[in-house]
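For reference, each letter of the sequence shown is one residue, going 12 to 152 in the working numbering. For each residue, glycine too, the CB sits at the ideal point set by N, CA and C. Computed from a prediction, not measured in an experiment: that's the story for all the values here.
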Amino acid sequence: MITNPAQITRHHLANQAAPAYSLIRKVCACGKASTSKQLTQHGKCAACALAAVRDAIMPGDFAKLQHMLGAVQQHPKSKWGWRNYFAAGSGQQHEAMQRLVAAGLATAGSPVGDMTYFHATRLGCKAAGLDGAGIKRAMEG
C-alpha cells in the first residue's frame, strides 16, 4: 500500500482536534469515577443516570420491565434477556407500559386484537440489570 502524505497529515490534524477531555477520569457528585465526556454531556455518571431513570417510574412498572426481559428471581442471571416482550391489555398494564415508553425504557409494538406488545430498549435492559450478553440476547430475539 502506498502512503499518502496528505492523508497522514489530515489524520494527524483530526487527532489533535479531538476534545482532550474525553478520556480524562473525573469524579461524579456521587463519588464514582467517570469520564469527563460523560460528565460534560450528561452532568452525572452512568450509574446516576440509570438511578434517575429508575426513580422516574413507579416500582410496579420496574417489576413489569424485569418480567418483560425474564429478569426475575426464578431464572438464573445468566439467562436474563431470553425474552423481550410484554403483552399488555387495556387498563393498568397498558398505562404502566406507556410510562416505560415515556421514560425511554420500552417501545410499543404492534397491537394484536385488544393487546399491544411492548419491547424493552437497550436503556431498559441496562435499567433492569442485564449484562452485555443479556442485552445482546434481548435485542436479537
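DSSP bridge partner residues for P87 (one or two, in chain order)
Its beta-bridge partners do not exist; DSSP assigns none.
Here's a check: name, in chain order, each residue in its chain whose Cβ is nearer than 8 angstroms to the Cβ of M69, leaving out the five neighbours to either side.
So the qualifying residues of the chain are A107, R110.
Backbone CA spacing between A67 and L116 [nearest angstrom]:
Computed Cα separation, rounded: 11 angstroms.
Have a look at A99 and F73 and give me their C-alpha separation to the nearest angstrom.
15 angstroms
How big is the Cα-Cα spacing for Y128 and S89?
25 angstroms
Could you check what DSSP says for G124 in three-state terms: helix, strand or coil?
The DSSP-derived three-state label of G124 is coil.
Is it true that the CB of A63 sits closer than 7 angstroms to the CB of G140?
no
Relative to the alpha-carbon of H130, which residue among S101, G143, G92 has its alpha-carbon at the smallest distance?
Nearest of S101, G143, G92 to H130, Cα basis: G92.
If we ignore side chains and look at the alpha-carbon of each, how far apart do A138 and K55 end up?
A direct Cα-to-Cα measurement between A138 and K55 gives close to 16 angstroms.
Determine the direct distance from the alpha carbon of V38 to that of K147, and round the result to whole angstroms.
29 angstroms
Throw me the rounded Cβ distance for the A149 and N95 pair, which I believe falls under 8 angstroms.
4 angstroms
If I follow the unbroken beta strand (DSSP E) through R133, where does it start and stop?
Where R133 is concerned, there is no enclosing beta strand (DSSP E), although the alpha helix (DSSP H) it sits in stretches over 133-139.
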